[in-house]
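Step one of this worksheet: look at the structure below.
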Amino acid sequence: MIQTTPSMTAPVRLPADELVETPSELRRALRSLFKARWPLLALIVLGIVGFFALFGPNIAPKDPNRQTLRARLTPPMFAAETPNPDYPLGSDALGRDVLSRLIYGARVSISVGLAAVLLGGFVGISLGMVAGYFGGFLDDLIMRIADIQLGFPFILLAIMVLVVLGQSVANLVIVLGIGQWVTYARIARGSTIAEREREHITASRAMGANNARILLRGILPNITAPLIVIASFNVASVILSEATLSFLGLGVPPTVPTWGGMLAESRDQLLGGSWWLAVFPGLCIVLTVLSLNVLGDWLRDFLDPRLRGSR
Amino acid sequence: MSTYILRRVSQSIIVVIGVTLLSFISLHLAGDPTYLYVSERASNEEIAAARVALGFDRPLPEQYLNFVGGMLRGDLGTSLRSRQPAANMVLERLPATLELTIFALVLAISLAIPIGILSATRRGTPLDSGIMLFAMFGQSIPSFWLGIMLILFVGLTLRWLPISGYVPILQPMLNGDFATAIDNLPNALRHLILPGVTIATFSLSRNARLVRSAMLEVLNQDYVRTARAKGLSGRVVVFRHAFRNALIPVVTILGLEFGFLLSGVVVTETVFSWPGVGRLVFNAITQRDIPVVQASVVIFSLVFVTLNLMVDLLYARLDPRIRIG
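From first to last, the protein sequence lines are chains A and B.
Here the numbering used here runs 1098 ahead of the position in the first sequence, where the first position is 1.
Here the numbering used here runs 2 ahead of the position in the second sequence, where the first position is 1.
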């Protein structure tokens, strides 16, 4: 009876497997993160926002939609002559608790941001890799469609589509996701073309790997770094777009509290001096988006080997 | 050069066809678009009559060709509310929007360039970090929130500037009445500042960062070192040698920047009650006035594509590498 040698039973390891981040890479990332103060602060802010998004209903002091008309337009505690501890950040024109609505709002911003980027990333990276790997007619077709989309302001089409389809979280995610795909497709295509010619790909093809395996195991792990950087910036820009569309009344249905929607409602109260309705939701958006941008900047410097050692 | 122009023009035509196709498709995404045009209480007979009147009973390719044909004749449908031609409604409000956009573009670029240069030449100093932090902030603020904050603090609390209202400059100029245009100028500028700053902030921040990194890249080039080595003053090196070449990436995105600002006006005009296309779009959205939304999308995209084309052609004239290549 022939005994199979261990090397024959072990799964074939593509060279790509060796390049996946090792624990020491993670440690290097953490060390660099602690050394640069801003990105760490950004990460903490995002942690808090993420915590609100995950556990909002458990921490929010009140039901964000419960109206208490007797407590309309209560100023925030720190600014009121007679502080009302029931409404730490004040209440809106319908007597709803601003703090609770802010906490619930994190949920929409974060989930829409992540879902749209995942969708756009998936579509863009798949199409970009296919275009770069196979080339020819497919490549031309995909990149021409990308050119058309870049040729005009996509937010306008998003408005048109949302007016026709109506408000829902799913529609919002699809529209914002589709608005993203071109960036990923272009980068994925470029990196795929460069990667396709490398020896390890030739080697795995010689070992009988099919196209799908080469794309997923050979190429994808080696082109992720720039895509992750783009994704972190894009979550920021999607959150801004979501806020804009909510502000225009095209976001999620009005019963769901969102930061952008709260800002839209605050406009009617500006002349009455209810500044807290406009200030707090805006600060939430700015802090979240700023943190994502700072983190994205750090990530780009960290992952871009050309800049390594410069700080 | 002529092959470049030809290629660039045909590219723009393809984009325009793409825009019409996409806006046509999006109208049909929810199924029969007739329901978007009739009131919710319409009877079945009324719906059927409207479907025939609007041409939605025809096969899709024919509907598309009719849509494009109408567009070429300047017919983009009739507003469901005001019963006016949608295209006219958009075109009437275009000058106000263009004024705001041009003002914002000038503001953004004229500040971004000196700030970016300053930041690059003082690299690593507290000034540089301060500017970059500010720029990062500017890119993270939703423009409509910035607008609301400006209204709240500069307009309502300090009472420095008007928070709404519009004084036309472009419209009298188009009518050939330059005296009125010049008379209006100081007052118009006062009204332009708050909405202009609101729109420009994002662009200003992004371009300041772009100018800075382009400058840093150029300042590291050999010819800059040579210029320094032969004893030229810092100012000459920065402006004559470095700055000109650092401008290339800035000019490249100028056309896109304009379009970007143009799409930013929808919310800003709403916040400041500016009587432009943006506010028209906003009102049309809230009233579900589909033809006006569609007309705005198509006309905005056309303006965007045309401007982009013009900038690119201009750019090709300036940069010999494109003219020849």
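Idealized CB from N, CA, C, for every residue including glycine.
Computed from a predicted model, the values in this text were never measured in an experiment.
Per the C-alpha coordinates, the member of B:V238, B:G79, B:A229 positioned closest to V299 (chain B) is B:G79. Taken residue by residue, none of the stretch 66–88 of chain B has a beta-carbon sitting less than 7 Å from a beta-carbon on chain A. Contact between the stretch 227–238 of chain B and the stretch 166–174 of chain B is absent: fewer than three C-beta pairs spanning the two stretches fall below 8 Å. Secondary structure of P277 (chain B) (DSSP, three-state): coil.
None of the residues of the stretch 1267–1285 of chain A has a beta carbon lying less than 7 Å from any beta carbon of chain B. Only residues of its own chain outside the window of five on either side were considered, and among them V1327 have a CB closer than 6 Å to the CB of R1398 (chain A), listed in chain order. Sequence-distant Cβ neighbours of T123 (chain B) in its own chain, meaning closer than 7 Å and more than five residues away, are V240. Linking T1322 (chain A) to L1314 (chain A) through their CA atoms gives a straight-line distance of about 11 Å.
Below the 8 Å Cβ cutoff, chain B contributes no neighbours of T1353 (chain A), its closest Cβ being approximately 17 Å away.
Here the stretch 105–121 of chain B lies against the stretch 189–207 of chain B, with 3 or more beta-carbon pairs under 8 Å apart. In this structure, G1226 (chain A) and I1317 (chain A) do not form a Cβ contact; the two beta carbons are roughly 11 Å apart against a cut-off of 8 Å.
In terms of CA proximity to R214 (chain B), B:G126 leads the group B:G126, B:N189, B:Y225.
Neighbours of I1257 (chain A) in chain B, taken as residues at a C-beta separation under 9 Å, are given in chain order as V268, V283, I287, V295, S298, V299.
Chain A has a Cβ within less than 7 Å of the Cβ of P144 (chain B). At a cut-off of 7 Å between beta carbons, W1373 (chain A) contacts chain B.
Annotated as distal: N1332 (chain A) and S142 (chain B), with beta-carbon spacing of 7 Å or more. Neighbours of L29 (chain B) in chain A, taken as residues at a C-beta separation under 8 Å, are given in chain order as M1258, V1262. In the three-state scheme derived from DSSP, where H, G and I count as helix and E and B as strand, S1130 (chain A) is classed as helix. Counting only Cβ-Cβ distances below 7 Å, V21 (chain B) has contacts in chain A at F1250, in chain order. In its chain, beyond the 5 residues on either side, T22, F26 have a beta carbon closer than 8 Å to the beta carbon of F69 (chain B).
Among the residues of chain B, those whose CB is under 8 Å from the CB of N1391 (chain A) are M138, Q141, S142, following chain order. M73 (chain B) and S166 (chain B) have their C-alpha atoms some 34 Å from each other. Unbroken alpha helix (DSSP H) runs of no fewer than 4 residues, entirely contained in the stretch 126–165 of chain B, are found at 128–140, 145–152, following chain order.
Below the 8 Å Cβ cutoff, chain A contributes L1361, S1364, R1365, L1368, A1376, G1380 as neighbours of I150 (chain B), in chain order.
If you draw a straight line from the Cα of V1271 (chain A) to the Cα of N1156 (chain A), it comes to about 25 Å.
Classified as buried, V279 (chain B) has 16 or more neighbouring CB atoms from the shown chains inside 10 Å of its CB.
Against R290 (chain B), the close residues of chain A are V1261, in the order they occur along the chain (beta-carbon pairs closer than 8 Å). None of the residues of the stretch 1229–1240 of chain A has a beta carbon lying less than 8 Å from any beta carbon of chain B. Membership of T1342 (chain A) in the alpha helix (DSSP H) is indicated by the continuous run 1318–1345. The alpha helix (DSSP H) runs of length 4 or more contained entirely in the stretch 207–276 of chain B are, from start to end of the chain, 224–231, 246–254, 256–274.
In the structure shown, the three-state DSSP call for D185 (chain B) is helix. Here the alpha carbons of I49 (chain B) and Y37 (chain B) stand approximately 7 Å from one another.
Comparing C-alpha distances from Q1247 (chain A) to each of B:T182, B:G178, B:L282, B:S14 shows the shortest one belongs to B:S14. Interface annotation, L1338 (chain A): in contact with chain B, CB-CB separation under 7 Å.
For V1387 (chain A), the C-beta contacts it makes with chain B under 7 Å involve S142, in order along the chain. The beta carbon of I195 (chain B) sits closer than 7 Å to those of L163, all from its chain and outside the five residues before and after it, given in chain order.
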